[in-house]
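To start, the structure under review is shown below, and the notes come after it.
Numbering (the UniProt record's numbering), first residue to last: 1 to 383.
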């Protein structure tokens with residue numbers, strides 16, 4: 001089976017007789033190369049000793065010697081190919097391992113999500129049941145009051161009808177003496193309640209609903225707080241690496257703060273340093289597991305924040321390309337931002353710490369390199 005079949009490398013390392021990679025390569029006086037066994041076989045089956053490629057005939061059978069330069073080239077190529085194969089085997093193993101870890105992580109998160117939303121659903125159902133029960137009780141109380149009012153009104157209507165009947169009867173009597181002797185109470189208006197206007201009070205239901213929603217909000221806040229505490233268990237201490245900082249970025253002595261200056265500092269242009277993109281990396285690198293860190297951006301209006309692969313280009317404009325797989329960034333407006341990374345799952349999430357809200361997530365990434373925290377101030381690009 002031919003290992004190398006096409007291209008310039010194939011022509012250089014391939015025997016033209018067996019069309020395979022050279023085995024013990026030898027050179028003819030005309031300068032062509034063959035496998036030693038292939039050339040010996042050709043000459044053994046022929047009365048003449050000539051080159052299988054250019055047909056130059058040799059009066060005397062040449063003394064074939066191993067082409068050590070070509071053999072060394074073959075060995076190097078073979079070693080390189082074996083290394084490439086090993087690299088790809090390791091890559092396959094890494095992918096399978098990462099896929100297995102991601103699957104387990106997904107199952108854990110699915111279970112946690114089911115538990116979280118089950119708690120929320122139960123809380124919502126409890127609030128709903130309490131709200132409906134309260135509304136039913138208020139409805140029953142209102143109906144009872146309405147019934148009592150109706151009965152009282154009906155009683156007054158009955159009494160008024162009787163009074164009206166008596167008055168009608170007196171109106172038609174011709175006994176004037178009897179009219180003078182009637183009860184004085186019939187001459188004055190009957191005593192009745194001063195009934196107010198009937199109105200439907202909906203404010204009570206609105207207030208009840210507001211209390212229920214407030215209770216639900218408190219439950220949500222508690223769950224969000226628990227989520228934040230879970231991320232805090234993966235918190236890491238980040239120190240900025242001065243060897244990576246752009247010359248316009250000024251780091252504090254403890255490596256915990258960074259600001260940009262108007263004057264470009266005279267710093268060594270070492271391979272790790274950004275020379276165009278105004279960024280700085282954290283000293284800490286992470287090749288597995290989960291980690292979380294927070295950044296206080298204070299009064300700054302716009303910053304880039306995220307994580308970068310170790311292979312990110314530090315030189316020239318390419319390091320600023322937000323479409324490369326080396327960099328995830330966010331133009332920040334919150335005052336304090338949390339960054340959570342799950343290496344095996346290929347997840348990078350950003351949170352507004354103060355409002356305890358999720359900003360965005362980058363999912364489906366495949367990490368094989370070391371990841372480092374990255375901070376940048378994009379308003380100091382150096383042309």
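Backbone N, C-alpha and C fix where the C-beta goes; we use that ideal spot for every residue, glycine too.
A quick note: this is a predicted structure, and the numbers were derived from the prediction, not measured.
Query: Inter-stretch contact at 8 Å, needing at least 3 Cβ pairs: the region 17–34 / the region 55–63; Result: yes
Query: Residue ranges of each beta strand (DSSP E) within the region 207–270, 3 or longer; Result: 249–251 and 258–260
Query: Under the three-state DSSP convention, the category residue 40 falls into; Result: helix
Query: Meets three-Cβ-pair contact criterion under 8 Å: the region 342–361 and the region 91–109; Result: yes
Query: Contact the region 289–296 vs the region 271–281: 3+ CB pairs below 8 Å; Result: no
Query: Helix, strand or coil at residue 6 [DSSP, three-state]; Result: Only weak support exists for where residue 6 lies, its pLDDT of 41 falling under 50; the value from the coordinates is given anyway. Coil at residue 6, not helix or strand.
Query: Closest residue to residue 51 among 66, 338, 34 and 65 (Cα-Cα distance); Result: 34
Query: Residues sharing a beta bridge with residue 50, DSSP; Result: 57
Query: Beta-carbon proximity check, residue 338 vs residue 294, cutoff 8 Å; Result: yes
Query: Local conformation of residue 274 per DSSP, three classes; Result: coil
Query: Residues of its chain near residue 9, where Cβ-Cβ distance is below 8 Å and the 5 sequence neighbours each way are ignored; Result: Annotation note: pLDDT 49 at residue 9 (below 50); position unreliable, coordinate value reported separately. For residue 9, where only same-chain residues beyond five positions count, the Cβ hits under 8 Å are 77.
Query: Span separating the alpha-carbon of residue 22 from that of residue 14; Result: 6 Å
Query: Integer-rounded CB distance, given that residue 42 should sit under 8 Å from residue 385; Result: Residue coverage of the chain in this structure runs from 1 to 383, which leaves residue 385 outside it and unanswerable.
Query: Residue 127 - containing alpha helix (DSSP H), residue span; Result: 68–171
Query: Cβ pair residue 285, residue 376 closer than 8 Å; Result: no
Query: Close beta carbons around residue 323, own chain, < 8 Å, minus the five adjacent residues each side; Result: Since pLDDT at residue 323 reaches only 37, below the 50 mark, its modelled position is unreliable, and no value is offered.
Query: Proximity test, residue 117 beta-carbon vs the ligand SAH heavy atom, cut-off 7 Å; Result: What this structure holds is no ligand at all, so the ligand SAH is not there to describe.
Query: Beta-carbon separation (whole angstroms), residue 297 vs residue 374, contact threshold 8 Å; Result: Going by Cβ atoms, the distance from residue 297 to residue 374 rounds to 14 Å, so no, they are not a contact pair.
Query: CA nearest to the CA of residue 207, picked from 152, 248, 138 and 169; Result: 138
Query: Contact belief for residue 265 with residue 242 at Cβ below 8 Å, rounded distance in angstroms; Result: 10 Å between Cβ atoms; not a contact.
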